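Protein chains: 4
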Amino acid sequence: MQAVRTDLAMEQTEFYKNNLPEGLSLSQEEKAGLKITRVEVVSEEGVKLTGKNKGKYITIDIPLATAGAEPADDVTHLLAQEISALLPKEGMVLVVGLGNIHITPDALGPQTVHQILATRHIPDQVAKESGLENLRPVAALAPGVLGQTGIETGEIIHSIVTDIHPGAVVVIDALAARSLERMGRTIQLSDNGISPGSGVLNSRKELSRETLGVPVISVGIPTVVDGATLVQDLVEKENLPMKKQAQTVMVTPRDIDVIIERGAKNLSLAINKALQPQLSLEDITYLVS
Amino acid sequence: MQAVRTDLAMEQTEFYKNNLPEGLSLSQEEKAGLKITRVEVVSEEGVKLTGKNKGKYITIDIPLATAGAEPADDVTHLLAQEISALLPKEGMVLVVGLGNIHITPDALGPQTVHQILATRHIPDQVAKESGLENLRPVAALAPGVLGQTGIETGEIIHSIVTDIHPGAVVVIDALAARSLERMGRTIQLSDNGISPGSGVLNSRKELSRETLGVPVISVGIPTVVDGATLVQDLVEKENLPMKKQAQTVMVTPRDIDVIIERGAKNLSLAINKALQPQLSLEDITYLVS
Amino acid sequence: MQAVRTDLAMEQTEFYKNNLPEGLSLSQEEKAGLKITRVEVVSEEGVKLTGKNKGKYITIDIPLATAGAEPADDVTHLLAQEISALLPKEGMVLVVGLGNIHITPDALGPQTVHQILATRHIPDQVAKESGLENLRPVAALAPGVLGQTGIETGEIIHSIVTDIHPGAVVVIDALAARSLERMGRTIQLSDNGISPGSGVLNSRKELSRETLGVPVISVGIPTVVDGATLVQDLVEKENLPMKKQAQTVMVTPRDIDVIIERGAKNLSLAINKALQPQLSLEDITYLVS
Amino acid sequence: MQAVRTDLAMEQTEFYKNNLPEGLSLSQEEKAGLKITRVEVVSEEGVKLTGKNKGKYITIDIPLATAGAEPADDVTHLLAQEISALLPKEGMVLVVGLGNIHITPDALGPQTVHQILATRHIPDQVAKESGLENLRPVAALAPGVLGQTGIETGEIIHSIVTDIHPGAVVVIDALAARSLERMGRTIQLSDNGISPGSGVLNSRKELSRETLGVPVISVGIPTVVDGATLVQDLVEKENLPMKKQAQTVMVTPRDIDVIIERGAKNLSLAINKALQPQLSLEDITYLVS
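Protein chains in written order, with our numbering: chain A, 1 to 289; chain B, 1001 to 1289; chain C, 2001 to 2289; chain D, 3001 to 3289.
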């Protein structure tokens, strides 16, 4: 079996078809017209098979029509509901956008964070006077990648978490997937952070409850695929001999600018709604624009 | 034989290895450390084989080190020299950047034109007082693509050419190539414009001496590859059965932002030098920034 | 009287308070909570006083709350209605965005045009199959400014108009105003194009029915103010001696990026609705994103 | 005396003309054609007069020609030399870009940091193999502003400094000045960080040796001026009655995009040269692009 590199737990289970090995569980449902796949990595065996932390991995497929524009309100509500279910009911939340804002397919995290409603610094009195009561305190940060900063992203986040003591961290990142068709059209949520081996060719430290000491929810959208995986996906054949280059090159669809812009809008709206359920989608759009 | 989609005449001849068919001619040389490949489509047979207009196609491979930064002065001088050889010695030149500025891999043309020194409107007296004598008149336009404007790009350029009567047109465009390794690292020049079938999934009208009535020089850098062609390039095997999607999807490297930024800088510097040989590269950089 | 430089007809009449001179007429009303001021330049005397072409100048003040976010649907509907009243009932329309996309306060035109739904190239059959019947043919162009292109913008537009024969032209441009408070918060419509003397320090040729041969509707938002005018506006005194520099420097508010982004969204939505009244605002948002 | 708001110590001393009060010292020189002004705040009286921390404030005026393009090598060398004189001779340096990357006149810090060569994470062995020996360890961060993050910038930097223990911090920020003519054309260096009252309408915590425990060098370029100060600067008169709005509105020149792009390039080149004196300007340009 040739390695298929993907950050989507769903794609890792597809390989097994009907013979899911021990250590993994899988269920599917449909809500508001969206296909939801729930994978759980339940044991060390599952961790070995997937390279992922133990935990829940929820994948939501956005239909093409919806992917192609302003998010439909019901999609946003469904997504907000799933994110909300992974978050503690109260307490300050730190939202972190991973990735490099200057590399389009890697800019999903920073672009999403740019539209997150930061509220931690707003005094209750000021919020009240603006008609915004009961704001949940939210902080938001896009620290950049190691090559930009010279500092491991995990180190930066650890420093901030130690200092401001959030009750949970939400981490947003661009993902690698197997199928080009999923670029920008699948959202993966997880309740146990980001594991070291994953991602878009960035060496990443684990961001999880183990390393940060608080629940870490991860939210991602696939934006890249590596050459070898793409070949596997497009050709109906296994064990193809490939050029060495295929393993290292990462490609992205030609319309990646549009994918990132829409993805960041969809994710930020849903995360804002999950964090401030008392606000309408109109209010949220007004406040972040 | 499975179709390989490429805008590079050089890649079309590679297929034939040592048995170049009639209608095509090929020569190679090395200058200033750069590999230069000259293909000529000399007959209707060559036109059929390549889908390209009769004419000269000059490909310059930029070494990785050079591709990765400010262009070395000797690369710029060599490139300027090759462009200059295709241009009439005098008369006004219209430089056109094709493509959509809002889609990164398609933005090479508009981004290059943004750095072209437009001089057609500068009165001689003003030029002299600024110490800029003997400026060749240059106009520069990035009209956008059909989907943005609702007007065929060829129509727009035809209108402008009819109105301002340039002595030649230089057309800059992002190209499709066979090999991912060539993205951003190869420059193709041609003395006979752009043919209808080519390019980055945009339906394009021919831009040539036939349609515009003046010499049309084209300058391009590969920035995308289609799925099927990529598979062909990465796998050492022919006649692979592929998913239908492979034929239609266009991909681009993850670091396309950097490729476009550098490509536009390199091309604009060389075109400016070819058009205003009396100016030093420092002067040009000063004037366009 | 010290010259106050403004492109807003409304601001030119404010100077006269209750003694409006001959050649100008003025009326005000309120609709959907918006203040609408209608100035008409009715004679050559009015042309001399204002430096503007004869015609109607409609100014709509957007309340701060609305200016600060997604446009409220009723504001968009009102604006669409006013634009619609200036346009011929049918026939192809060319929408032109003036200005330089790389200079933020001058980018209103290009950014608005980027969100205009171009339809001229869509075959009826394709439109029907997409559920889009009765699309009015629309072309859209952002040709850049003289310093970028070396070609007078008026020349470019004249060439295109001669070639594609639209029934009307809509011209979008950033304006100079007297009051900083109006930046981004006032929309001016006019039924007789753009006059030579106006604007954001760009030398501009007249764009009007006289020069283009078809009705020219202009749409603009103030984004800059010159130093001398700003001083006049902030100080409660006339005939102030000023440094020479004050006459030539143009300034813009610190948050100009936000002003341009919102302005372009508001204008494009209203123009699209005026041109395609059969589409809902949701449909339009979906189609241009 | 009406308050003139400026972050430039030089502009604060201009007010006193030849009667410099106690607590301030002033000297001027010219080097490589550049005017250098050195102000020192030497006592608590000087702190009260200027609202600035005790310390040295060095202002370098860039001639218009030089401000208008690629920085001349001698300007960069002079600037690098002045920065170098303020820095400890060795040890890791953290470079921080203050400001909001999405608001053009406030983006100087983030844009400069984007071009700083981060080296802290590069293992000696890797550096050697790339021909880069003796790299000084550098980290670089653009944390965003309070309204984006919900966290005081000072808190974020304090957390990181505590964690990674740099030997010094360099802070880059956009400044407010009195004169529009100085926008983008003056560079201020200081050896004692940033004081609370200063800046571009952002509430800022002090960043200094007192708060961070290590030397803090600040580097800034003026990019905004407030309305009241602008009026004072343009009118040859004092004690003018102004509208209230004049105190709160901040304006910026129309060509602020160009000012920020050039300023970030100039500053990053000089800071990189000061930190890695063994590298040539060509090497630095190559490595950061």
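Ideal Cβ placement from N, Cα and C applies to all residues, glycine included.
Quick caveat: nothing in here was measured; it's all calculated off a predicted structure.
Is the beta carbon of residue i sitting closer than 8 Å to the one on residue j?
| i | j | result |
| --- | --- | --- |
| residue 1223 of chain B | residue 1175 of chain B | yes |
| residue 3163 of chain D | residue 159 of chain A | yes |
| residue 1967 of chain C | residue 2190 of chain C | Because chain C in this structure spans residues 2001 to 2289, residue 1967 of chain C falls outside the shown range and cannot be described. |
| residue 3234 of chain D | residue 2242 of chain C | yes |
| residue 3118 of chain D | residue 3138 of chain D | yes |
| residue 2268 of chain C | residue 2116 of chain C | yes |
| residue 2024 of chain C | residue 2008 of chain C | no |
| residue 3087 of chain D | residue 3217 of chain D | yes |
| residue 300 of chain A | residue 6 of chain A | Examination of residue 300 of chain A is not possible in this model, given that chain A is present from 1 through 289 alone. |
| residue 1231 of chain B | residue 231 of chain A | yes |
| residue 245 of chain A | residue 1261 of chain B | no |
Leaving aside the five residues before and after residue i along the sequence, list all residues of the same chain whose C-beta is less than 8 Å from its C-beta, in chain order.
| i | result |
| --- | --- |
| residue 1278 of chain B | 1133 and 1134 |
| residue 120 of chain A | 92, 137, 138, 139 and 164 |
| residue 1145 of chain B | 1098, 1099, 1100, 1106, 1153 and 1202 |
| residue 1249 of chain B | 1226 and 1227 |
| residue 1010 of chain B | 1037, 1039, 1057, 1059, 1186 and 1188 |
| residue 67 of chain A | Residue placement at residue 67 of chain A is poorly supported in this model, since its pLDDT is 45, which falls under 50; the coordinates still yield a value, given next. Only 184, 185 and 262 meet the Cβ criterion. |
Report all residues from its chain with a CB closer than 6 Å to the CB of residue i; omit the five preceding and five following residues, and keep chain order.
| i | result |
| --- | --- |
| residue 32 of chain A | 74 and 78 |
| residue 1220 of chain B | 1173, 1175 and 1188 |
| residue 1084 of chain B | 1274 |
| residue 2015 of chain C | none |
| residue 1179 of chain B | 1233 |
| residue 2283 of chain C | none |
| residue 1288 of chain B | 1115 and 1117 |
Could you list which residues in chain C have their beta carbon closer than 8 Å to that of residue i, in chain order?
| i | result |
| --- | --- |
| residue 3103 of chain D | 2254, 2255, 2257 and 2258 |
| residue 3227 of chain D | 2180, 2230 and 2234 |
Quick one: residues in its chain with C-beta nearer than 7 Å to the C-beta of residue i, no 5 flanking neighbours on either side, listed in chain order?
| i | result |
| --- | --- |
| residue 61 of chain A | 34, 35, 185 and 186 |
| residue 3109 of chain D | 3097, 3098, 3099, 3142, 3172, 3173 and 3174 |
| residue 1264 of chain B | 1108, 1111, 1112 and 1115 |
| residue 281 of chain A | 73, 76, 269 and 273 |
| residue 3195 of chain D | 3051, 3052, 3053 and 3206 |
| residue 2013 of chain C | 2020, 2024, 2026 and 2039 |
Run through chain D and tell me which residues come within less than 9 Å of residue i, C-beta to C-beta.
| i | result |
| --- | --- |
| residue 2091 of chain C | The premise fails here: residue 2091 of chain C is roughly 36 Å from chain D at the closest Cβ pair, so nothing lies under 9 Å. |
| residue 2004 of chain C | Ordered by position in chain D, no residue passes the 9 Å Cβ test against residue 2004 of chain C, which lies about 15 Å from the chain. |
Using the beta-carbon of each residue, which ones in chain A are nearer than 7 Å to residue i?
| i | result |
| --- | --- |
| residue 1140 of chain B | Neighbours of residue 1140 of chain B on chain A: none; closest Cβ ~24 Å, over 7 Å. |
Against residue i, what residues of chain D qualify as contacts under a CB-to-CB distance less than 7 Å, listed in chain order?
| i | result |
| --- | --- |
| residue 2246 of chain C | 3234 |
| residue 2181 of chain C | 3245 |
| residue 2126 of chain C | Here the premise fails: no neighbours, minimum Cβ distance about 38 Å. |
Please compile the residues from chain B whose C-beta is within a distance smaller than 8 Å of the C-beta of residue i.
| i | result |
| --- | --- |
| residue 237 of chain A | 1240 and 1241 |
For a contact meaning CB atoms closer than 7 Å, what does residue i contact in chain B?
| i | result |
| --- | --- |
| residue 2146 of chain C | 1121 |
With hydrogens ignored, establish whether the beta-carbon of residue i is closer than 7 Å to any heavy atom of the ligand NAP.
| i | result |
| --- | --- |
| residue 16 of chain A | For the structure depicted, the ligand NAP is absent and the ligand set is empty, with no information on it obtainable. |
Output, in chain order, the set of chain C residues within a Cβ distance shorter than 9 Å of residue i.
| i | result |
| --- | --- |
| residue 1261 of chain B | Within 9 Å Cβ-Cβ: nothing; residue 1261 of chain B doesn't reach chain C, min ~14 Å. |
At a CB-CB cut-off below 8 Å, which residues of chain A make contact with residue i?
| i | result |
| --- | --- |
| residue 3112 of chain D | None at all; the shortest Cβ gap to chain A is about 13 Å. |
| residue 1250 of chain B | 253 and 254 |
Can you pull the chain B neighbours of residue i, defined as C-beta to C-beta under 9 Å?
| i | result |
| --- | --- |
| residue 2155 of chain C | 1160, 1163 and 1164 |
Could you say if the stretch 2092-2111 of chain C and the stretch 2159-2179 of chain C meet the contact criterion of at least three C-beta pairs nearer than 8 Å? As far as the Cβ criterion goes, the stretch 2092-2111 of chain C touches the stretch 2159-2179 of chain C, which means the pair count is three or higher.
Are the stretch 1023-1031 of chain B and the stretch 1150-1162 of chain B in contact at 8 Å, needing three or more beta carbon pairs? No, they do not touch.
If we require 4 or more residues per run, which alpha helix (DSSP H) segments fall completely within the stretch 1176-1253 of chain B? Within the stretch 1176-1253 of chain B, the complete alpha helix (DSSP H) segments at least 4 residues long are 1209-1212, 1227-1234 and 1245-1248, listed from N- to C-terminus.
I'd like the ranges of any beta strand (DSSP E) spanning at least 3 consecutive residues and lying wholly in the stretch 1058-1112 of chain B. Qualifying beta strand (DSSP E) stretches, in chain order: 1093-1097.
Between the stretch 1205-1219 of chain B and the stretch 1248-1256 of chain B, can you find at least three pairs of beta-carbon atoms closer than 8 Å? Verdict: no, contact absent.
Jot down the residue ranges of each uninterrupted alpha helix (DSSP H) in the stretch 2141-2165 of chain C, minimum 4 residues, whole runs only, in chain order. Listed in chain order, they are 2146-2149 and 2153-2164.
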